[in-house]
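Visitor:
Residue numbers (UniProt numbering), protein chains in the order written: chain F, 1 to 121; chain H, 1 to 559; chain C, 1 to 150.
(1) Kindly list the residues whose CB is nearer than 8 Å to the CB of residue 567/H, restricted to its own chain and excluding five residues on each side of it in sequence; keep chain order.
(2) From residue 361/H to residue 374/H, what does the alpha carbon distance come to, in whole angstroms?
(3) Taking all protein chains shown into account, decide if residue 425/H is buried (16 or more other Cβ within 10 angstroms of its Cβ) or exposed.
(4) Give a yes or no on whether the minimum CB-CB distance between residue 486/H and chain C is below 7 Å.
(5) Closer than 7 Å, CB to CB, is residue 48/F near chain H or not?
(6) On a Cα-Cα basis, can you pick out the residue from 511/H, 344/H, 528/H, 396/H that is closest to residue 449/H?
(7) Check whether the Cβ of residue 15/H lies closer than 7 Å to any Cβ atom in chain F.
(8) Quick one: does residue 111/C have its CB under 7 Å from some CB of chain H?
(9) Report buried or exposed for residue 363/H, applying the criterion of at least 16 other Cβ atoms within 10 angstroms of its Cβ.
(10) Can you tell me the Cα-Cα spacing of residue 24/F and residue 48/F, whole angstroms?
(11) Report, in whole angstroms, the separation of the C-beta atoms of residue 86/C and residue 113/C, which I expect to be a contact under 8 Å.
(12) Tell me which residues share the same chain as residue 14/H and place their Cβ nearer than 8 Å to its Cβ, disregarding the 5 neighbours each side in the sequence.
(13) Show which residues of chain D have a CB atom less than 9 Å away from the CB atom of residue 101/F.
(14) Is any beta-carbon of chain F found at less than 7 Å from that of residue 121/H?
(15) Please name the residues in the region 25-38 of chain C whose beta-carbon is closer than 9 Å to at least one beta-carbon of chain H, in chain order.
(16) Helix, strand or coil: which one does DSSP assign to residue 130/F?
(17) What does residue 195/H touch in chain C if you count any residue whose Cβ is under 9 Å from its own?
(18) Nearest-angstrom Cα distance between residue 66/F and residue 99/F?
(19) Would residue 531/H be called buried (16 or more neighbouring beta carbons within 10 Å of its own) or exposed?
(20) Going by DSSP in three states, residue 316/H sits in which element: helix, strand or coil?
(21) Of all the beta strand (DSSP E) runs that stay within the bounds of the region 495-545 of chain H, which reach a length of 3 or more residues?
(22) In or out: residue 140/H buried (at least 16 other Cβ within 10 Å) or exposed?
(23) So, is the C-beta of residue 578/H closer than 7 Å to a C-beta in chain F?
(24) Determine the DSSP secondary structure at residue 481/H, reduced to helix, strand or coil.
(25) Could you check if residue 34/F is buried or exposed, using at least 16 other CB atoms within 10 Å of its CB as the buried criterion?
(26) In chain order, what are the residue ranges of uninterrupted beta strand (DSSP E) at least 3 long that sit wholly in the region 372-456 of chain H?
(27) Over the uninterrupted beta strand (DSSP E) stretch that includes residue 42/C, give me the two end residues.
(28) What residue range does the beta strand (DSSP E) around residue 277/H cover?
(29) Does any residue of chain H have a CB that is nearer than 7 Å to the CB of residue 128/C?
(30) Evaluate the contact criterion for the region 457-466 of chain H versus the region 4-21 of chain C: three or more CB pairs, one atom per stretch, below 8 Å.
(31) What span of residues does the beta strand (DSSP E) with residue 92/C cover, start to end?
(32) Alpha carbon to alpha carbon, how far is residue 223/H from residue 92/H?
(33) Among the candidates 67/H, 89/H, 292/H, 63/H, whose CA atom is the shortest distance from the CA of residue 111/H?
(34) The alpha helix (DSSP H) spanning residue 218/H covers which residue range?
(35) What separation, rounded to the nearest whole angstrom, lies between the Cα atoms of residue 242/H and residue 282/H?
(36) Could you check what DSSP says for residue 113/H in three-state terms: helix, strand or coil?
What follows is the structure, encoded as structure tokens:
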């Protein structure tokens, strides 16, 4: 059965790109969210198998959203999306429970490989 | 991965970010401490960079990245948000805007971006001295859509799709998934819909012509029912094309800000009615005229702060841009509390320039005197604008508004200020027009330009000097032949009756004589494209019910 | 310099060509409505699939002696202009391979003078033609410098 992924990014462009990559790989898109608050709320609603979570977002940053998602579901498998130059934030994200990182701009092979590894634990 | 499929989305979303950044910058200048706006600015630049990197548009990445870094320094307290930072960010917005146009046109960019990035990287605030003079004040920031990019703009979903620029707007932002019931539609589709509706209107006119010949009551009923349905269809399609005024308003804030800065004046800028919907096509054509009016208000209307204080006014001048809707008309006013205009001074200046004789000058009402500023030869001269306090390019503004089927009015009180009001139709595609016959040709005149029609007996014509005049409402009105204006043979009028319509040209009423008045028609305006779009005096064309094509005359451009 | 396929046509006893991609239809002359105030080589406006299109007599515009033929109407691609050219006759489509020689020409309207099996052909620059027509319209604008306001 296809794994359900939730995509969180404030840019419609980024969500669309990621969605196309994931659908191509056979994932099912559980939902999309465009900010941190929405991400937490929608996570609780659709309980996806995987989450791709942007770090720089309005309302609640990706790190804050990650902390709340982990507090709600300690088994959540969240992959952070970050740009080059945000290395300082990756430690905070790992501490908060992020399983892996994918770098922007997205490289389709890399994205699918990272997600597969996280999905397989 | 084939990225070309994402290009349109990239362009439209990037432009939304640019607009949001520009508005945030102006907003932050008013309240530099607004933390959430600083964060939003940083995020805007960051998102732009990420998107451009995905598309591999290196130049955009360089500029956006340098803006992001600059905002990171502001966010981390290393740099105050001062006017220098604001200027650099706005420069970056303009730079990216040009780069995006290059991307859209698929032409290589020639803009050097390295210098800009360098300047941002080494920017340090100037040592504090005199406070900057400009105080362009925005209202609560607003969302906007890509008016400059008709191919990527998405009219009906504009409000919810646009990036919400400032802090409070961001809090109020609906989650994307809850924007229920809206879809993004390509603007070409909207244009196509209005075209089809227009063709239907034209066909209805055809049916009316045929029905007139057949004299069949059931057919007449069916046509009048069709006409009703068509009117509703037209109204609905037009609603879909409406975009909020805020889609263009951020430019005005910036232009007021920049003129205020250049002229060293303190300006408080107010904008109301940003939510009012206007036709997409009309919005695009309002940008230049409104910019012109606002620049005039700041540059020529508002006095130096010293002069203002001596006159007992607040040092800071106020310029208000207000948009409102009155049933099927849009009203836009630009009001300043500056020095105002003196009708007598305007008349004296026009007489001095040889535009009016002193006798003609005496006949002008104060309102007509103010409209002198819209006469081409009047307004361009520097010395005149200094006296009148306004006028640069007002002739161009007036012509643009008339072309949209609107009217322009000026009210002014010396020492108190000036208000310029534009009244515009809600839509530009379908207009009511007076169709006239001149020689072998028919032509249409938008009814907004027609004050009334008159059938004049030859006996009522007076010869005053070289001119022919007639009396209307106790006013002597000069006559002009449309045939002559258009270079056609003059009419003969064997029965001694001259059909004419009264219009206003260069601030005063004129009677335009034609061969025949053929009545009012509902016309679907079509643009003439190349090359005829360049023809002065012609605003477009339309098809009459019998298939005949008429030109829609632009009297302001013709007279 | 030369396009791959050219449409040959004649006006005032001269052979011309346009890039085939720039022409969207060749029509018989049809009902045309005069346009007041336009230069005399504008026959008027025609309705081409809902586009109001200017019909210009090419020979007249080029100040060449026209011939009293019913002629043909070349409609320029509607994406490029709303313009139709009245010409005398429309000939064949010329493949670039049949061009045996080409020389440049000082007239800015002419991209090149081509040597073809049909004779010497003036390949027209559409953009220059459009720009020329536009400039002419702007220059022949009604006299609005008249003093006195009327």
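No residue lacks a Cβ here, since even glycine has one placed at the ideal position from N, Cα and C.
Guide: Answer, in terms of the structure:
(1) Any property of residue 567/H remains undetermined from this structure, which presents chain H solely from 1 to 559.
(2) 15 Å
(3) buried
(4) With its beta carbon less than 7 Å from one in chain C, residue 486/H belongs to the interface.
(5) no
(6) 511/H
(7) Taking Cβ atoms only, chain F never reaches closer than 7 Å to residue 15/H, which makes this a no.
(8) no
(9) exposed
(10) 18 Å
(11) Going by Cβ atoms, the distance from residue 86/C to residue 113/C rounds to 23 Å, so no, they are not a contact pair.
(12) 48, 51, 52, 60, 96, 100
(13) The structure shown contains no chain D; the protein chains it does contain are F, H and C.
(14) no
(15) Residues of the region 25-38 of chain C with a C-beta less than 9 Å from any C-beta of chain H: 31, 32, 33, 34, 35, 36, 37, 38, listed in chain order.
(16) This structure does not reach residue 130/F, given that chain F is present from 1 up to 121, and the question cannot be answered.
(17) 50
(18) 11 Å
(19) buried
(20) coil
(21) 497-505, 508-513, 516-524, 538-543
(22) Reliability of the predicted coordinates at residue 140/H is poor, the pLDDT of 39 falling under 50, and no value is obtained from them.
(23) Absent from the model: residue 578/H. The displayed extent of chain H is 1 to 559, so no value can be given.
(24) strand
(25) buried
(26) Taking only runs of at least 3 residues, the beta strand (DSSP E) segments lying wholly in the region 372-456 of chain H are 407-413, 417-425, 430-438, 441-446.
(27) 42-48
(28) 277-279
(29) no
(30) Verdict: no, contact absent.
(31) 89-95
(32) Distance between the alpha carbons of residue 223/H and residue 92/H: 57 Å.
(33) 63/H
(34) 217-241
(35) 9 Å
(36) Reduced to three states, the DSSP call for residue 113/H is coil.
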